[in-house]
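Trainee:
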Amino acid sequence: MATSASTSASVTERRGIPAASFVEDVQIYLSQTGLDVNSALAFLQERLQQYRVVEMKLLAQQRDLQAKIPDIEKCLDVVATLQAKKDTGEALIADFEVSEGIYSRARIEDTDSVCLWLGANVMLEYSREEATSLLQKNLENAKESLEVLVADLQFLRDQVTITQVTIARVYNWDVHQRRLQQAAATSPES
Amino acid sequence: MQQAGASGSEVEVTWEDQQNINKFGRLNNRLHELEDEIKIAKETNENLEDASSELILTDEDIVRFQIGEVFAHVPKDEVENRIEQMKEVTEKNLEKLTEEKESIVSQMAELKKVLYGKFKDSINLEED
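Residue numbers (our numbering), protein chains in the order written: chain A, 6 to 195; chain B, 20 to 147.
Here you go:
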């Protein structure tokens, strides 16, 4: 069974997200960092919070991209339809929304160019081929960005899991230590 | 959401265990995403079914078919073809998603066996 990349032990961060170092032994970890249990737990909790903040941000970006991709696909569809109509030589008649709930009819004559909305109140005219290739490129970029984002999120979630498990282990170690101390204190025989 | 929580035990957690726990978490996330996607794919399928039924009932020759944000006037035959194509795409997608979901469910069952085997009560891998 393939486990996550063995290099994750040596990855210290990914695109600005610090990796959570895996704790082999709680006792050694505590003595190495020189922290007592409460400070260690506080530090880990804070790390967890920071991870959550980044996770929110990445999730928002992911939602944006996931909305953008179908939009670009719709645009490609329209351009392709115009292309098909050109081949038949007919005009395309379409009903479009003028305002909410109000539609009007439009006759789109055979034309070689389309206008693309580029954002920031800018619209440019392109030939149909250029428009298709521009939209294709945008679509591919969006899909690639989404892939990278998903990988980032996976990495982040792994770090969150590691941190949660470390918190539990430090806490348990502490409980265990207290039990041992109590047992030693209440046992009168040496 | 399923969480790997460990409680009061002395079993040591190795890097391999950690990786298994991480993998379980990832699979679980993906499972939830898949369930949402499958729901959407099923709805789309139903809508397409309804659309093609309506199409059979109508006696108009020109149907307003939504392309992008506008409703283009398209001859009925072409609309039928388009809807058929869209149905095929959605069905294939649904199949792919269902397959992925089954694979994930079985991987998660495997991991559960391994992790419960080592940690028994110290770990909780169930949905709350």
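Every residue, glycine too, gets a C-beta built ideally from N, C-alpha and C. Source: prediction; values computed, not measured.
Quick one, which of A/Pro23, A/Thr86, A/Val153 and A/Arg68 has its alpha-carbon nearest B/Glu88's?
Mentor: Ranking A/Pro23, A/Thr86, A/Val153 and A/Arg68 by Cα distance to B/Glu88 puts A/Thr86 first.
Trainee: Look at the alpha carbon of A/Asp30 and the alpha carbon of A/Ile167, and state the distance between them as a whole number of angstroms.
Mentor: Roughly 14 Å between the two C-alpha positions.
Trainee: Along chain A, in chain order, which residues have C-beta atoms closer than 7 Å to that of B/His92?
Mentor: Result: Ile98 and Ala99.
Trainee: Where do the ends of the beta strand (DSSP E) carrying B/Arg83 lie?
Mentor: Ile81 to Ile86 is the extent of the beta strand (DSSP E) around B/Arg83.
Trainee: Roughly how many angstroms lie between the CA atoms of A/Glu95 and A/Glu114, to the nearest whole one?
Mentor: Whole-angstrom Cα-Cα distance: 8 Å.
Trainee: Could you tell me which uninterrupted alpha helix (DSSP H) segments, each at least 4 residues in length, are contained entirely in the region 30–109 of chain A, listed from first to last along the chain?
Mentor: The qualifying runs are 31–38 and 42–93.
Trainee: Does DSSP put A/Arg133 in a helix, a strand or coil?
Mentor: Three-state result, A/Arg133: helix.
Trainee: In this structure, does DSSP put A/Ala156 in helix, strand or coil?
Mentor: Helix, per DSSP.
Trainee: Are the region 115–124 of chain B and the region 107–126 of chain A in contact at 8 Å, needing three or more beta carbon pairs?
Mentor: The region 115–124 of chain B is not in contact with the region 107–126 of chain A.
Trainee: Please list the terminal residues of the continuous beta strand (DSSP E) segment that includes B/Ser71.
Mentor: First-last for B/Ser71: Trp34 to Leu76, but that is the alpha helix (DSSP H), not the beta strand (DSSP E).
Trainee: Please go through the same chain and pick out, in chain order, the residues whose beta-carbon is closer than 6 Å to the beta-carbon of A/Arg174, but skip the five residues on each side of it.
Mentor: If we look at A/Arg174 and ignore the five residues flanking it on each side, its Cβ neighbours are Val31.
Trainee: Which residues of chain B have a Cβ atom closer than 7 Å to the Cβ of A/Val83, listed in chain order?
Mentor: Those are Ile86 and Gly87, listed as they occur along chain B.
Trainee: Going along chain A, which residues have a C-beta under 7 Å from B/Val32?
Mentor: Residues of chain A passing the Cβ test: Val170 and Arg174.
Trainee: Please confirm if B/Met20 has its CB atom under 7 Å from at least one CB of chain A.
Mentor: Caution applies to B/Met20, whose pLDDT of 41 falls short of 50 and renders its modelled position unreliable; the value that the coordinates give is listed next. By this cut-off, B/Met20 is not an interface position.
Trainee: With a cut-off of 7 Å, does the C-beta of B/Gly27 fall near any C-beta of chain A?
Mentor: Caution applies to B/Gly27, whose pLDDT of 46 falls short of 50 and renders its modelled position unreliable; the model cannot decide the point.
Trainee: Measuring CA to CA, which of A/Gln37, A/Ile22 and A/Gly124 is closest to A/Lys234?
Mentor: A query on residue 234 of chain A cannot be resolved here, the shown segment of chain A reaching from 6 to 195 and no further.
Trainee: Beta strand (DSSP E) containing A/Val119: first to last residue?
Mentor: Ser118 to Gly124 is the extent of the beta strand (DSSP E) around A/Val119.
Trainee: Using the Cα positions of A/Leu53 and A/Glu60, report the straight-line distance between them to the nearest angstrom.
Mentor: Distance between the alpha carbons of A/Leu53 and A/Glu60: 10 Å.
Trainee: Exposed or buried, what is B/Thr109 when buried is set at 16 or more other beta-carbons lying within 10 Å of its beta-carbon?
Mentor: Flag for B/Thr109 reads buried.
Trainee: Below 8 Å on the Cβ atoms is my guess for B/Leu144 versus B/Asn39; work out the distance and round it to an integer in Å.
Mentor: Incorrect: roughly 10 Å between the Cβ atoms, too far for contact.
Trainee: Just to confirm my understanding: we take A/Leu139, look at its own chain, exclude 5 residues before and 5 after, and list those with CB closer than 8 Å. What are they?
Mentor: If we look at A/Leu139 and ignore the five residues flanking it on each side, its Cβ neighbours are Leu121 and Tyr131.
Trainee: Could you spell out where the beta strand (DSSP E) holding B/Phe90 opens and where it closes?
Mentor: Note, B/Phe90: beta strand (DSSP E), Val89 to Pro94.
Trainee: Which of the residues in the region 18–41 of chain A, read from start to end, lie with their CB under 7 Å from any CB of chain B?
Mentor: Listed in sequence order: Phe27.
Trainee: Taking the CB atoms as reference points, tell me whether B/Phe90 and B/Arg83 lie closer together than 7 Å.
Mentor: In contact: B/Phe90 and B/Arg83 (Cβ atoms closer than 7 Å).
Trainee: Please return the same chain residues whose Cβ sits closer than 6 Å to the Cβ of A/Lys91, not counting the five positions on each side in sequence.
Mentor: Closer than 6 Å at the Cβ level, and outside the excluded window around A/Lys91, lie Asp115.
Trainee: Among A/Tyr108, A/Ser109, A/Lys73 and A/Arg57, which one has its Cα closest to the Cα of A/Ala147?
Mentor: Comparing Cα positions, the closest option is A/Lys73.
Trainee: Under 7 Å, Cβ to Cβ, is there at least one residue of chain B near A/Thr116?
Mentor: Chain B, which has no Cβ nearer than 7 Å to the Cβ of A/Thr116, makes this no.
Trainee: Give the residues from the region 41–66 of chain B that approach chain A closer than 8 Å (Cβ to any Cβ), ordered along the chain.
Mentor: Result list: Asn41, Lys42, Gly44, Arg45 and Asn48.
Trainee: Can you tell me whether DSSP reads B/Val108 as helix, strand or coil?
Mentor: Note: B/Val108 maps to helix in three-state DSSP.
Trainee: I'd like to know if B/Arg17 contacts chain A, where contact means its C-beta is closer than 7 Å to some C-beta of that chain.
Mentor: Outside the displayed range of chain B (20 to 147) lies residue 17 of chain B, so it cannot be described from this structure.
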